[in-house]
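Below: the structure, in C-alpha cells.
Chains as they are written, first to last, in our numbering: chain A, 1 to 346; chain B, 1 to 346; chain C, 1 to 346; chain D, 1 to 346.
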C-alpha cells in the first residue's frame, strides 16, 4: 500500500527519533527548562534572525492555535481569518471555546487577500454601531494554506502593513511551514519573523512525533507560560519537544526534509498533469489536489492511501495526495504506474 | 549528580522508546485510529476488567484533568476536590478556564474523606439558597495524592457510594497510578474501574515520554472526541501515545516499573527514618517527604537534585525525593552515603 | 423633533408604568418568585396555548440570547444562524463568550431558508471529518428579522421539521415579536409555541422598560434558574419584569400595541412609496427601510430622529424608520410634510 | 405581615419611581447615551469627588460583579476574596464562568484582613512553582460585608496599599453601599473612590427597581462598553438606570434612605439586645442577625417575614432581619410587640 494520505502518517524523521534515544537517560528539568529546549529555542531564534524572539513548544496544532489566538486577543476582540482557515473550519470551535469569535472573511486560493482584509477593517470602523460588535483584534493566516498555496513576500508584507496600521497582530499558522520554506525561496523564515507578530513552526506534520514551536519574534505576551499551563498545553517533559526541534534545526534538517517532500510533490504534480488530471488548486507545496473520476476511486483506494477532499460536480472528486520526509522517489513512480494501469484498464 | 527531583526528569522507559523506534516507519491513520492505539485501548480494557470502557489518550496531566472535569460537568456544576488537589492548587486555573468552579474541601493526609464530602453535599442541599450556588457535580480525587498517600479500597468504596447516592461522577486523577498499584495490592485496577466513573492511567510520570490514558469504565460521554478536539487536546499522531501505552501494558511493564520505583522508595524511607529524619507525610509510594534542617540544603543540593516542598517552622524544610523507573538501587545507596557524610560533617 | 429612530427610545407604555406604581409598596419574594411574575407566567402560558411551558424573565435581548443559546447547546455544538442574525452580527460575540460558535449561513431577506439549512446540515454529516468540526446543535432565527421581514407559518413549519429530523433545537429571537404577531395573522403565538423549542417574547422593544420573556413551551432545561444566575442574568427584583409582563399580557395590551405600531408603519410605507422612495426591504412590520438620497439626510436629521442603516451606491443611503406604541398618527403626518417640503425645496 | 426579610422586597423609593414617570414620554438615545444617564454619571462623579471617573450602569449585582471582576483580570489571574464573599459563595460560579478562579481566603467578621491578604500574596510569590498557579490579580471585598460589617478607613487604606504594592486592583462590591455610608461617617464615598480601583454603588438593594453603578474612579478599562455588551449586560433602555440614579443622587436621596434604614436597624439592634437575643455578628448596618430559639421560629414566621441564615448548635438559629427605605418606625415597634408576646407566651 502506497501512503499519500497525509504528512503525519509515519512516526518521526529518523534523525529526530535518534535524538530522543540519545538523550533519553539524561535527567533534565521539566516544563521547558531542559537543555534541549533551551538549545532548540536558540537554534530557532538563529534560523529566524530574531535574537529577541520568545519560543514556546506545544504538542499540537489546534492547541497552539487556540492558545496563541486566545492569548493574543483582548477579551472584546476576534480573529480575522479566511473562511477556509483551519481555525474557522476544522478545529471544532477551539478558538470560540476560549471565548473569541473567528471573523470569517472570503478567501481566494485559500488565502486572505489584502483588499478583503482592508475592506473588512474599514467597514468595521465606519459602522456607527461597531462598539456593539466584535472588534477585529488580529489576523490569522495559514502558510501554506489549507489548499497548499503560499503567500508571496509582497502579499505578506501588505497584510503586515495593514495590521500595523490598525494596531492588530498578524499570526501565521505554520503547521506545514517546512514545505512553504522549501517551495518558495522568496519568503524566508527571517522574512516571516520580521513581518508577523507570532507564528508557528510546525513539527507534527514536518517530521516530528509531535510539537509545534510558537515564535514571538519581538517577545511574547506577559505570563505566557502560565497561560499555556492554564489551557492545558504545558508539557511536563518539555524535553520531548525540545530534543525533537533541536534535531530539526541542527544542520538544517527542517529545511532539507521540506525540500525533499516538495521535490517529490512537484514530480507528482508534473506526472498528474501529464496524465491529464486537472488540479483543483495549483499548489507549489507538498499537498497536491488532483481531480479524479469517481469511477477510479475504488480501485485507486486498493493500493494507495489518499484523502478524499470534496465532490466536484457529478462524476468527479478532488482528492489530496501528500508527500512528506517519508515519501521516496520510488513511491511516486509506483503511483504513476498504478495510475497508468488504471487509466488503461479502468 | 543524583536525580531524585521528580519522576518525569528522564525520557521514556527503554521498552517504551524501543516500541516507538520499531513502529516508526509503518504508516497509520491519525487522531487515535491507528493500530497501536486500538491495541493499547484493548490492553487497558483488559487490565481494568472493563470490556465496555472507552479509552482516550491525551498528552498531559493538566490537560486531561481539564478535559475530563470540564467534560463531565454540566454547565451549572463544579468539582469537589481536596484543597490540596492538583486541579485546585497547581494547574493555573485550568478547570476554571473551562467555566467551572473547583469546590475546595478540607483534606487530611492529602485525601478527601468521606465524612467531609458527605457533610458538604448535605449542607449544600440543606441550604435554601442552593439554587444560587454552584452545584457539586462530581468528585475529583488524586491517587496517589499530591502527598503520596493512597485511598484504601474501603475509602474509595465509601466515596463511590456517596457519589452514586448523589448522582454525581467520581473521577480519579491517576497521574502516578503505577506507584499506587505497586504500593497497595488491596486496591486493584479493576477495583478502580468498578468504583470510578472516570480515571486516568498516567504515562508521563510513569515511564512514557508523554501521555495519559483517560478511561471511562462504563463508556464515555457523548461526542467526547470532538470535545477533546475543541479543547486542543487531540493529537494528530495518536500513534505516539498508542505505541507507548501498548508497550506499557503489554507484559505488565506498567506494573513492573511501578514496583521497582516503590521498592526503592521504601528503601529510601527506611534509610531516612534510620538516619533520624522525620517524614512530613508517611507515603507508601514513590514520593518521600523528609524534613531536613535548612542548614543541610545547600550542601545536599550540590550532589542531589531534589524538590523543595515547603518551609516547616524556623530551621527546617520539607523536601521531596522521588523515585521512578530510572532510579537504580545504587542511587539510593549513594544518597545515603551523602546524607551520612553531611550529617557527620554538616 | 420627530422620533422614528428606534422602538426603544421612550420609557414604558403608560399601562405598564402604572402597574409598577400600583404594585410598588407591596413586598414580594425575590428572584422571580413574586406574585406578579407568577401571574405573568400564567398569562403567557395561556396566550401561547402551552400549559406546560416554563417561562423566565431576563432583563435584555443580548443577555437572553446568550443565556438561551448557551444553555441549549451542548459543549461541542454551535448555533446555526443567518449571517445577518443578531447573535452573529450585533451582540459583540456574546454567544462566543459562552464558548460556542455561531455557524453563519447565507440569508435571504434576512431569513434563514429551509433549503439553506438542510444543505448545511447534510453537508456537515456527509463530511468524513465532521467530528473535527463544530456540530450544528440548534437553529437561531429572529422574527421579525433584523430587516423587519417575517417567516410564514409554512416556512417556520419547514424549519421546525428539519430541526426535529436532526434532533436539534429551534430558537426564535422575538425581541420585536409584538410587531410580528400584529402584522401576520397566519402565524400565531400558539403556532410559534408549537413549532419552536424556545423563543422570546420581547418586552424592551415592545412597550416595557426592560425585560424579555424566555419561553420553553415543552419545559425548560434542567437547573435553568441556576444557569441564569451563573450568567449574571437573574434579577433580584424579579417583580420588575413580572409586573410589566403582567400588564402587557392582561387584556391583550401586547397585541394591541403591536397593532397600533404596525398600522402606522404601513401608513408610513404607503406614504414613502407614494413619494417615490424605494424600500430596501419590503417589511410588513414596524421597521421601514427607505432608500434616501444622501443630499436629503442633513436636512432630514434636523427635524427627524432616524437610524442610518447602510450606504447604497454613491448617492444614496438606506435609513431605518421605526414606529412603536409611542408613535402617534400625527407624527407620521408630520413626517410626510417634512419629506414633501424637502423634496420640493431640497 | 411585617416585612424584614430583605432590602429588595419592595419596588422603588417613591421619588425614584416618580422620576421614571416624569421622564417616561421623552425619547432618548439608547445604550446609556441618554441625558439621564449622563446626568447621573455627573452626579456620581461629584459625590465621589472623582471628576475623571468612568461610570457604567448595569442591571444586577451578580452581573456587575462578574463583568467587573472578569474585566479587570488578565487571563492568567484570579480574584482574592474572603471565603464568605458573595462572588465566592452565592453567585453560582459567575466569576468562574468568565474563566477566572476566585482565590478564597479566610475571613473574620466577613472581612478580608490585611494580614491575611499580605500573607497570601507573599506566599504565592515565594512559591517556586507559582508560575503553575493562578496569579492573584485583584482583591474583591464587599462593603458592607455579607455579615453587615464594615471596613474602617484604616483597614481599607491598608488593603489599598497592599494592592498598590503588588500592582493589583482593589474592587469593592457596594451592593448595599447606602447603608455603609450611613453607618460610618469615617469612611466616605470620596475615600472609597480614592482607595479603590473600582466599586459599585448598589441600587437594587438601596431603593431602585434595578441597577448598580460601576465606578472606575481613575477611568475604566479599554473598550469596556463592548465588554459589557459581550457579557449580555448592556441595557438598550439605559434610561431606566440613568433616571433612577439621577433621582438617587440628586438632593442626597441615596444618603438619606441609607440613614433612615440604618437608624431603624439600630433601634432593632437595641431592642433585640434588650430582649436578651444574642447577635451572631455585631452589624452596624441595615442587616441584623439575632440568634433565635428554634421553638420561636414557626410562630414568628406567622407575622414576620425574615430570612433564615444558619443553624447554631442544637436549639437555636441565626436569622436575618433587614431594614430598607420602606421600613417604618412602627414596623420596628410592631416587631418588638410580637417578640414580647412570643417571649411571654412561647
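From the three backbone atoms N, C-alpha and C, an ideal C-beta is built for every residue, glycine too. If you're wondering where the values come from, they're calculated on a predicted model, not measured in any experiment.
**Q.** Exposure label - residue 152 of chain C; buried when at least 16 CB within 10 Å
**A.** exposed
Q | Strand pairing of residue 171 of chain B, partner residues [DSSP] | A | B:140 and B:198
Q | Minimum C-alpha distance to residue 178 of chain C - residue among C:254, C:53 and C:41 | A | C:254
Q: Report back the beta-carbon spacing between residue 304 of chain C and residue 335 of chain C to the nearest angstrom; my notes put them in contact at under 8 Å.
A: 6 Å
**Q.** Inter-stretch contact at 8 Å, needing at least 3 Cβ pairs: the stretch 202-210 of chain B / the stretch 162-177 of chain B
**A.** yes
Q) At what residues does the alpha helix (DSSP H) containing residue 124 of chain C begin and finish? A) 114-126
(Q) I need the straight-line Cα distance from residue 264 of chain B to residue 2 of chain B, nearest angstrom please. (A) 14 Å
Q) To which residues does DSSP link residue 317 of chain B through a beta bridge? A) B:292 and B:311
Q: Could I get the ranges of all uninterrupted alpha helix (DSSP H) runs contained in the stretch 63-111 of chain D, with 4 residues as the minimum, in chain order?
A: 86-89 and 94-97
Q. Which class does residue 352 of chain C belong to by DSSP, given the choice of helix, strand or coil?
A. Only positions 1 to 346 of chain C appear in the structure, and residue 352 of chain C is not among them; the question remains open.
Q: Report all residues from its chain with a CB closer than 7 Å to the CB of residue 237 of chain B; omit the five preceding and five following residues, and keep chain order.
A: Residues 30 of the same chain have their beta carbon placed closer than 7 Å to that of residue 237 of chain B, with the five preceding and five following residues left out of the count.
Q. How many whole angstroms separate the CB atoms of residue 162 of chain D and residue 103 of chain D, which I take to be in contact at a CB cut-off of 8 Å?
A. Incorrect: roughly 14 Å between the Cβ atoms, too far for contact.
Q: Thinking residue 328 of chain D and residue 307 of chain D are a contact (beta carbons under 8 Å), I'd like their distance in whole angstroms, please.
A: With 8 Å as the limit, residue 328 of chain D and residue 307 of chain D do not qualify as a contact, their Cβ atoms being about 19 Å apart.
Q: Give the range of the alpha helix (DSSP H) segment to which residue 16 of chain C is assigned.
A: 14-23
Q: Tell me, please, whether the stretch 235-251 of chain D touches the stretch 23-37 of chain D by the rule of three or more beta-carbon pairs shorter than 8 Å.
A: yes
Q) residue 137 of chain B: which of B:73, B:158 and B:234 sits nearest, CA to CA? A) B:73
Q: Count the other CB atoms, across all protein chains shown, that sit within 10 Å of the CB of residue 345 of chain C; report buried if there are 16 or more and exposed otherwise.
A: Low per-residue confidence applies at residue 345 of chain C: pLDDT is 45, beneath 50, and the placement is therefore not dependable, though the value from the model is reported in the following sentence. Label assigned to residue 345 of chain C: exposed.
**Q.** Straight-line gap, residue 214 of chain C to residue 90 of chain D (C-alpha atoms, nearest Å)
**A.** 24 Å
Q: Please compile the residues from chain D whose C-beta is within a distance smaller than 8 Å of the C-beta of residue 131 of chain A.
A: 223, 225, 226 and 229, listed in chain order.
Q.
Please confirm whether residue 216 of chain D has its beta-carbon closer than 8 Å to some beta-carbon of chain A.
A. When Cβ-Cβ separations below 8 Å define contact, residue 216 of chain D makes no contact with chain A.
**Q.** Which of helix, strand or coil DSSP assigns to residue 178 of chain A
**A.** helix
Q. Do we get a CB-CB distance below 8 Å when we pair residue 346 of chain B with the residues of chain A?
A. Its pLDDT being 44, under 50, residue 346 of chain B is placed unreliably in this model, and the coordinates cannot settle the point.
(Q) Can you tell me whether residue 7 of chain A is buried or exposed? The criterion is at least 16 other CB atoms within 10 Å of its CB, across all chains shown. (A) Residue 7 of chain A is buried by the Cβ-count criterion.
Q) DSSP on residue 230 of chain C, reduced to helix/strand/coil? A) helix
**Q.** Identity of the residue in A:5, A:228 and A:129 nearest residue 76 of chain D by Cα
**A.** Ranking A:5, A:228 and A:129 by CA distance to the CA of residue 76 of chain D puts A:228 first.
Q) In angstroms, rounded to a whole number, what distance separates the CA positions of residue 17 of chain A and residue 78 of chain A? A) 39 Å
Q. Closest Cβ-Cβ distance between residue 122 of chain B and chain D: below 8 Å?
A. no
Q: With residue 187 of chain A as the anchor, note down where its beta strand (DSSP E) starts and where it stops.
A: No beta strand (DSSP E) contains residue 187 of chain A, which DSSP labels as neither H nor E.
(Q) Closer than 9 Å between beta carbons: that is the criterion. Which residues of the stretch 55-80 of chain A meet it against chain D? (A) Cβ contacts with chain D come from 70, 71, 74, 75, 76 and 77.
Q) Below 8 Å between beta carbons: does that hold for residue 61 of chain B and residue 212 of chain B? A) yes
Q) Could one say the Cβ of residue 336 of chain A lies closer than 8 Å to chain B's Cβ atoms, at least one of them? A) no
(Q) So for residue 54 of chain A, helix, strand or coil by DSSP? (A) strand
Q. Which chain C residues sit within Cβ distance under 8 Å of residue 239 of chain D?
A. 11
Q. For the stretch 135-163 of chain C, which residues have a beta carbon sitting closer than 7 Å to at least one beta carbon of chain B?
A. 135
Q: Return no unless some Cβ of chain A is closer than 8 Å to the Cβ of residue 96 of chain C.
A: yes
Q. Whose Cβ in chain C lies nearer than 7 Å to the Cβ of residue 23 of chain D?
A. 11
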